[in-house]
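**Student:** The sequence shown begins at 532 in the numbering used here and counts up by one. All residues carry an ideal CB built from backbone N, CA and C; glycine is no exception.
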Amino acid sequence: MPRIDADAIADAWDEDDPRGPRGRPEPSAAARAARSRAATARVVALDRGRATVVAEDAPGVPFPARYGGALRGARVAVGDRVRVSGDRDRGAARLVERLPRATVLRRTADDLDHRERVVAANVDRVAVVVGADNLAAGLRFADRAIVAAVDGGLRVLLVVTKADLVDAPDGPTAADLAAALAPYEGAVDEVLPTSVVTGAGLDELRARIASGWTVLTGHSGVGKSSLVNAVVPEADRAVGDVGARGGRHTTVAARALPLPGGGTLVDTPGVRSLGLGMLDRAGLARCFPELADLRCALDDCRHAGEPGCGLPDAVLPPARRAAFERLAAALEGRGDVDEGEDAVPDGPG
Ligand SMILES: Nc1nc2c(ncn2[C@@H]2O[C@H](COP(=O)(O)OP(=O)(O)O)[C@@H](O)[C@H]2O)c(=O)[nH]1
Ligand SMILES: [Mg+2]
Ligand SMILES: [Zn+2]
Numbered sequence: 532m533p534r535i536d537a538d539a540i541a542d543a544w545d546e547d548d549p550r551g552p553r554g555r556p557e558p559s560a561a562a563r564a565a566r567s568r569a570a571t572a573r574v575v576a577l578d579r580g581r582a583t584v585v586a587e588d589a590p591g592v593p594f595p596a597r598y599g600g601a602l603r604g605a606r607v608a609v610g611d612r613v614r615v616s617g618d619r620d621r622g623a624a625r626l627v628e629r630l631p632r633a634t635v636l637r638r639t640a641d642d643l644d645h646r647e648r649v650v651a652a653n654v655d656r657v658a659v660v661v662g663a664d665n666l667a668a669g670l671r672f673a674d675r676a677i678v679a680a681v682d683g684g685l686r687v688l689l690v691v692t693k694a695d696l697v698d699a700p701d702g703p704t705a706a707d708l709a710a711a712l713a714p715y716e717g718a719v720d721e722v723l724p725t726s727v728v729t730g731a732g733l734d735e736l737r738a739r740i741a742s743g744w745t746v747l748t749g750h751s752g753v754g755k756s757s758l759v760n761a762v763v764p765e766a767d768r769a770v771g772d773v774g775a776r777g778g779r780h781t782t783v784a785a786r787a788l789p790l791p792g793g794g795t796l797v798d799t800p801g802v803r804s805l806g807l808g809m810l811d812r813a814g815l816a817r818c819f820p821e822l823a824d825l826r827c828a829l830d831d832c833r834h835a836g837e838p839g840c841g842l843p844d845a846v847l848p849p850a851r852r853a854a855f856e857r858l859a860a861a862l863e864g865r866g867d868v869d870e871g872e873d874a875v876p877d878g879p880g
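1) For ligand 3, any of its heavy atoms closer than 8 Å to the Cβ of His834?
2) Would you list the one or two residues that DSSP bridges to Phe594?
3) Along the chain, where does the alpha helix (DSSP H) that runs through Val719 open and close?
4) In angstroms with no decimal places, state the Cα-to-Cα distance between Asp674 and Ala854.
5) Do you know how far the Cα of Gly599 is from the Cα of Leu712?
6) Can you list, in chain order, the residues of its chain whose CB lies under 6 Å from that of Asp695, leaving out five sequence neighbours each side?
7) Counting only the same chain and skipping the five closest in sequence on each side, list residues whose C-beta sits under 6 Å from that of Ala828.
8) Below 9 Å between beta carbons: does that hold for Glu863 and Gly717?
9) With DSSP collapsed to three states, give me the class of Glu837.
10) Beta carbon of Val687, beta carbon of Val659: below 9 Å?
11) Is the beta carbon of Leu696 within less than 8 Å of some heavy atom of ligand 1?
12) Assign Pro703 to buried or exposed, taking buried as 16 or more other Cβ atoms, counted over all protein chains shown, within 10 Å of its Cβ.
13) Check whether the Cβ atoms of Leu636 and Val650 lie closer than 9 Å to each other.
14) Please determine, among Val846, Ala835, Val691 and Ala850, the residue with the shortest C-alpha to C-alpha distance to Leu758.
15) Would you mind stating whether Gly669 and Ile740 have Cβ atoms separated by less than 9 Å?
16) Determine whether the beta carbon atoms of Arg629 and Trp744 lie at a separation below 9 Å.
17) Going by beta-carbon coordinates alone, are Phe672 and Gly752 separated by less than 9 Å?
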């Protein structure tokens, strides 16, 4: 039965208190009464509806909290700010209110489903991970992740892993890589090549995520666990996981990992699909940063061939224009394959 590794999280969150949670003195009755009043906390892990939170008044000490009161039946996501009541020292803490979200990374099960699932809340940026050995599939996933990020108010860092394979016998050439990534310059804040084999780009990655909260996303096999292990040495993520079943170390719970150099990394379960069913065609266009200046004759233009539509004249790299049309078709049920699916990598080359 998958469960949160509360000890590992406690260890990770306990840097501020060398005594550790178990070494704390027993709180006085007055202190306990004060803490049993509703406090503001942040959800740092979530596993099948069981939340682990960290209160603002005790940053190093994660504790479990169950849904209570008006929140019963509602949902929280990792990163949510919540109000917590009840005696946390006795394991009786209750989530009683979810505070408004500043940002939200949303997805749907598939493009024709409209029920939103929140991947993470109040996160500052998405690190979209693509493997240099499988750029075509990785960038199709990235096209979706960029849309979801922009929709939710997050910045985007495009992390290219396995840079050591560039110009290797079975790997892409440097020219292939540059050509595939160039169209993304206007879509993301930065493209960062990395390798856990050579260490290339890892210091840059650490620096970019050393403030705020970053959520890591990408197909399985692109090297997410390897990156987490590189930047959070104690994370102990199993490398080579392919799914949510089986392996003891397989990522089943979303959790927020404090980074040694500051900042927080949210490691989510491998998202099998990144559906964008919360958007329509016009909404999709608003999530293409290159189209921020799009001007059309109609205020409610769908950019589907209306007279006076600005889309045909918009300056958009061909790969990104193709991405827009492919995603728009998928949202309208015209896609022949679900490119949000995690299942079928293209293979090298
Ligand atoms: N050559 C090379 N292989 C890597 C690199 N990072 C990860 N891998 C390999 O890619 C495979 C998948 O890595 P993993 O971290 O489990 O990916 P995840 O499924 O996204 O978590 C493993 O066989 C890793 O050894 C890298 O920088 N270079
Ligand atoms: Mg993994
Ligand atoms: Zn238009």
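**Tutor:** Quick answer:
1) If you check the C-beta of His834 against ligand 3, you find a heavy atom less than 8 Å away.
2) BP columns for Phe594 point to Val584.
3) Run containing Val719: none; DSSP gives neither H nor E here.
4) If you take the alpha carbons of Asp674 and Ala854, they lie about 7 Å apart.
5) Pairing Leu712 with Gly599, the inter-Cα distance amounts to about 47 Å.
6) Excluding residues within five positions, the ones whose Cβ falls inside 6 Å are Ser726, Val728 and Thr729.
7) So the qualifying residues of the chain are Gly839.
8) Taking 9 Å as the cut-off, the Cβ atoms of Glu863 and Gly717 do not count as close.
9) Looking at Glu837 - three-state DSSP - the assignment turns out to be coil, as it is neither helix nor strand.
10) Yes; because the gap between Cβ atoms is below 9 Å, this pair is in contact.
11) For Leu696, the distance from the CB to the nearest heavy atom of ligand 1 is below 8 Å.
12) Flag for Pro703 reads buried.
13) In contact: Leu636 and Val650 (Cβ atoms closer than 9 Å).
14) Among Val846, Ala835, Val691 and Ala850, the Cα nearest to that of Leu758 belongs to Val691.
15) Not closer than 9 Å, so no.
16) Contact flag unset, no.
17) Going by C-beta atoms, Phe672 is not nearer than 9 Å to Gly752.
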